[in-house]
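A.B. asks: According to the UniProt record's numbering, the residues represented by the sequence shown are 1 to 229, in order.
The beta carbon of each residue, even a glycine, is placed where N, CA and C say it ideally should be.
Right, I'll just put the structure down here and ask away after.
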Amino acid sequence: MANRILLIEDDRSTADYIANGLREEGFLIDHAANGRDGLFHATDGTYDCIILDRMLPGMDGMSVLAAIRAAGIESPVLILSALSSPEDRVAGLTSGSDDYLTKPFVFAELLARVRLLIRRGGTTGNAPQTKLVCDDLEMDLLAHRVRRAGKPIDLQPREYRLLEYLLQHVDQVVTRTMLLEGVWDFHFDPNTNVTDVHISRLRKKIDEGFARPLLHTVRGSGYKLGVEK
């Protein structure tokens, strides 16, 4: 049986981009263009995942989220927002959402997050994910802190976002194009070496001095974060 998703997004182009992509992947989509309609759908139906824009006309996304949780609805909620500061992300994650994705984003990342939330079966509706882990490498999303084997690792903002993206795709090959779209924006020259430079810096910080490397180059494809078998 196909999974049903509620998309609450007021921007028509963004809504079409998400809905069309998810339908191509076999999902059933209900769309609401404002917060009040979105809340009506959420309380009137049953959904495997709710994608909720934070900035909505009439009733904003955070108010919709609060009302959804107050109604006892435990469907996993993915917040979409152009607000990307640590404070904004913390506010979203601690208000009852299960994940927080900043705009602009690449569809492949949104799809991966939706599938992960559905696999969890809505069991995290009141316990949002606050940590990303790969072996002994841990990112605390609330404290905005990274440690490996208990040792603090100091990262620049772009390095932090890069590592966050890789931690969201542990044991998956991530291409340079995916990184350019997901970590930077949609307008970089795909031939630029910006990803290689930042990967090199990140690798020095998270791998040097530790027992085993976690960040690997996959020749001809991109990179992979994980423990080599």
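Which residue or residues does DSSP assign as beta-bridge partners of S81?
C.D. replies: T102
A.B. asks: On the DSSP bridge list, what partners appear for T94?
C.D. replies: Its beta-bridge partners do not exist; DSSP assigns none.
A.B. asks: How many Å lie between S84 and L163 at the Cα?
C.D. replies: 16 Å
A.B. asks: Which residues in the same chain as R203 place their Cβ atom closer than 8 Å to its Cβ, once the five residues preceding and following it in sequence are excluded?
C.D. replies: P213 and L215
A.B. asks: Could you tell me the boundaries of the alpha helix (DSSP H) in which E159 lies?
C.D. replies: P157 to L167
A.B. asks: What is the C-beta distance between G21 and M59, in whole angstroms, given that I count them as a contact (C-beta under 8 Å)?
C.D. replies: With a beta-carbon spacing of about 26 Å, G21 and M59 fall beyond the 8 Å limit used to define contacts.
A.B. asks: With DSSP as the reference, please indicate the residues paired to L6 in a beta bridge.
C.D. replies: D30 and I50
A.B. asks: Round the Cβ separation of I8 and D53 to the nearest angstrom and send it over; I've been treating them as touching at under 8 Å.
C.D. replies: That belief holds up - the Cβ atoms of I8 and D53 are roughly 6 Å apart, short of 8 Å.
A.B. asks: Taking contact to mean 3 or more Cβ pairs, one atom from each stretch, closer than 8 Å, check whether the segment 103 to 120 and the segment 40 to 56 are in contact.
C.D. replies: Verdict: yes, contact present.
A.B. asks: Under the three-state reduction of DSSP, which class applies to K229: helix, strand or coil?
C.D. replies: coil
A.B. asks: Work out the CA separation of L132 and A211 for me, nearest whole Å.
C.D. replies: 20 Å
A.B. asks: Can the beta-carbon of R4 be found closer than 7 Å to that of L28?
C.D. replies: yes
A.B. asks: Could you please give the first and the last residue of the uninterrupted beta strand (DSSP E) stretch that includes T217?
C.D. replies: L215 to V218
A.B. asks: Can the beta-carbon of A71 be found less than 7 Å from the beta-carbon of T43?
C.D. replies: yes
A.B. asks: Are there 16 or more other CB atoms within 10 angstroms of the CB of P76, so buried, or fewer, so exposed?
C.D. replies: buried
A.B. asks: Between the C-alpha atoms of V174 and R219, what's the straight-line distance to the nearest angstrom?
C.D. replies: 11 Å
A.B. asks: Under a Cβ-count criterion, where at least 16 other Cβ atoms within 10 Å of its own Cβ denotes burial, should E181 be classed as buried or exposed?
C.D. replies: buried
A.B. asks: Under 8 Å by Cβ, that's how I've got H41 and A32 pegged, so tell me the actual separation to the nearest angstrom.
C.D. replies: 5 Å
A.B. asks: Could you please give the first and the last residue of the uninterrupted alpha helix (DSSP H) stretch that includes V197?
C.D. replies: V194 to D207
A.B. asks: Does DSSP classify D140 as helix, strand or coil?
C.D. replies: It is a strand residue.
A.B. asks: Quick check: D37 and L6, are their CB atoms within less than 7 Å of each other?
C.D. replies: Between D37 and L6, the C-beta spacing is not below 7 Å.
A.B. asks: In terms of residue numbering, what span does the beta strand (DSSP E) encompassing V170 cover?
C.D. replies: Note, V170: premise wrong, no beta strand (DSSP E); not H, not E.
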